[in-house]
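Going by this note's numbering, the sequence shown wraps up at 309, each residue one higher than the last.
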Amino acid sequence: MNTFQLSCFLAVAEYLSFARAAQQLHVTHPAVSQQIQSLEKELNVKLFQRTTRSVKLTEEGKAFLNDARQIVAISDRAKKRFDSAAPRDIETLALGFYNFPCMFTLADALEQLRAERPALHPRLQVIPFQHIYRLLEEGDLDAVVGFKEPSSVKIAAVYKEFAKVPLVCVCSSRHPLAGQAEVTLDALKQERLALLVPPKASRSMAQLQGQLMGDRPPSEFYFCESAESISVLVSAGYGISVLPDLLVPEMPLIARVPLAGVEPTSFGIYYRSLQGNPALKAFVACAKECFL
């Protein structure tokens with residue numbers, strides 16, 4: 018079944034004449050007859066009752082009429098989409114993120130980029146840590162935005178920093194720690210902990226969580242899929258957490274307490290190369306400017 022067959026069928030159904038249908042379609046009468054016969058053979062039904070004096074739709078033809086109209090309309094719409102005289106250039110930029118808070122931080126940079134490159138179509142994806150750098154290496158992502166990994170993690174990419182992000186203790190505003198000016202990691206080792214599940218945590222975060230867990234039993238930990246779910250448990254008093262300040266959502270019952278003696282973590286972007294990728298180069302420049 019093809020659209021020419023359907024167009025012939027619709028023309029004959031409209032004019033109830035093979036000759037007028039052929040005239041309308043600018044083809045010969047035999048060509049229309051051949052297309053109708055081929056369509057009837059494929060559908061295994063008679064679509065028209067034909068005599069020397071008249072042409073009428075059969076009951077099967079009436080039932081098929083609406084289907085034929087819809088198929089032809091969809092085909093015409095698909096052709097029209099690509100026949101437009103408007104510019105067709107689409108510039109893509111595929112960015113991977115560990116989580117949604119990291120993605121949200123780039124909204125200003127993307128807004129600036131939209132003004133500079135109106136043909137840009139950003140593709141933003143949240144991908145688990147264990148897969149994200151493989152996708153970057155295979156070319157499915159142009160870049161990965163997140164926290165810098167330890168040197169022990171081998172990543173075949175260039176890293177550029179956007180900002181230094183402090184690590185904070187996240188606790189309920191009613192927790193005794195909430196009133197302190199700062200807190201040490203040692204002071205947190207006896208607290209129940211709300212932690213990111215390992216697949217959702219970068220290697221550096223997983224190392225810090227392991228340091229806090231020590232040899233304590235699993236009953237003292239609450240593993241969460243996101244920083245948002247951690248914040249809900251923390252606000253409900255289930256425990257405390259340690260997160261980069263960038264990941265902590267704004268919530269009225271949440272307190273952020275600076276960590277003493279802990280260096281800020283680097284937040285930035287991993288990419289293979291800026292050569293031949295002007296959209297990525299422009300994005301990196303916009304992001305650095307927005308963070309500054």
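Ideal placement from N, C-alpha and C gives every residue a C-beta, glycine not left out.
From a predicted model like this one, the values you see are computed outputs, not experimental measurements.
**Prompt:** Cα-Cα, which of ALA302, GLU133, LEU112 is closest to GLU154?
**Reply:** LEU112
**Item:** Segments assigned beta strand (DSSP E), at least 3 residues, entirely inside the segment 150-205
**Value:** 160-164, 175-182, 184-189
**Asked** Along the chain, where does the alpha helix (DSSP H) that runs through LEU60 open and close?
**Response** 46-60
**Prompt:** On the three-state DSSP scale, how would you describe TYR255?
**Reply:** coil
**Beta-carbon separation (whole angstroms), GLU77 vs LEU64, contact threshold 8 Å** = 6 Å
**Message:** On the DSSP letters alone, give me the boundaries of the alpha helix (DSSP H) that SER92 sits inside.
**Reply:** 76-100
**Item:** Spatially closest choice to ALA173 from TYR288, ALA30, THR201, by CA coordinates
**Value:** TYR288
**Asked** Near LYS305, what residues of its chain come up, given a Cβ to Cβ distance below 7 Å and the 5 sequence neighbours on each side ignored?
**Response** PHE179
**Prompt:** Using the rule of at least 16 other Cβ atoms within 10 Å of the residue's Cβ for burial, across every protein chain shown, is PRO167 buried or exposed?
**Reply:** exposed
**Request:** Can you have a look at GLN226 and say buried or exposed, based on whether 16 or more other CB atoms are within 10 angstroms of its CB?
**Result:** buried
**Request:** Determine the burial state of ILE247: buried for a count of at least 16 other Cβ atoms within 10 Å of its Cβ, exposed for fewer.
**Result:** buried
**Asked** What residues are listed by DSSP as bridge partners for ASP72?
**Response** The amino acid occupying residue 72 in the given sequence is Val; Asp does not appear at that position. Note: VAL72 sits in a beta bridge opposite ARG67.
**Message:** Check whether the segment 118-135 and the segment 247-259 are in contact - that is, three or more C-beta pairs closer than 8 Å.
**Reply:** no
**Asked** Once you ignore the five residues that flank LEU158 on each side, which residues in its own chain have a CB closer than 6 Å to its CB?
**Response** ALA111, GLY113, LEU152
**Message:** Distance check for ARG134 and GLY196, CA to CA, integer angstroms please.
**Reply:** 47 Å
**Prompt:** Under the rule that 16 or more other beta-carbon atoms within 10 Å means buried, what is HIS192, buried or exposed?
**Reply:** buried
**Extent of the continuous beta strand (DSSP E) run through GLY113** = 108-114
**Request:** Starting from ARG273, follow the beta strand (DSSP E) in both directions and report where the run begins and ends.
**Result:** 271-275
**Message:** Using a 10 Å radius around the Cβ and a threshold of 16 neighbouring Cβ atoms, would you call MET18 buried or exposed?
**Reply:** exposed
**Asked** So SER283 is in the beta strand (DSSP E); what residue range does that whole segment cover?
**Response** 282-288
**Prompt:** Helix, strand or coil: how does DSSP classify PRO295 here?
**Reply:** helix
**Prompt:** Near HIS138, what residues of its chain come up, given a Cβ to Cβ distance below 8 Å and the 5 sequence neighbours on each side ignored?
**Reply:** ILE107, GLU108, THR109, LEU110
**Prompt:** Would you say PRO275 and PHE164 are within 9 Å of each other, going by their C-beta atoms?
**Reply:** no
**Message:** For chain D, check one thing: does any of its Cβ atoms lie closer than 9 Å to the Cβ of THR20?
**Reply:** Here there is only one protein chain, and chain D is not present.
**Request:** Give me the Cα-Cα distance between PRO235 and ILE144, rounded to the nearest whole angstrom.
**Result:** 26 Å
**Message:** Just verifying my parser: in three-state terms, what is the DSSP assignment at LEU33?
**Reply:** coil
**Request:** With a cut-off of 8 Å on the beta carbons, I'd call GLN52 and GLN22 a contact; round off their distance for me.
**Result:** 5 Å
**Message:** Nearest by alpha-carbon distance to SER243: which of LEU212, SER71, TYR255, ASP93 is it?
**Reply:** LEU212
**Request:** Give me the Cα-Cα distance between ILE149 and LYS217, rounded to the nearest whole angstrom.
**Result:** 11 Å
**Message:** Which residue marks the beginning of the beta strand (DSSP E) containing ARG209, and which one marks its end?
**Reply:** ARG209 -> no beta strand (DSSP E), and no H or E assigned at all.
**Asked** Quick one: is LEU309 buried, meaning 16 or more other Cβ sit within 10 Å of its Cβ, or exposed?
**Response** exposed
**Request:** Give the straight-line distance between the Cα atoms of ALA36 and ASN294, rounded to the nearest whole angstrom.
**Result:** 57 Å
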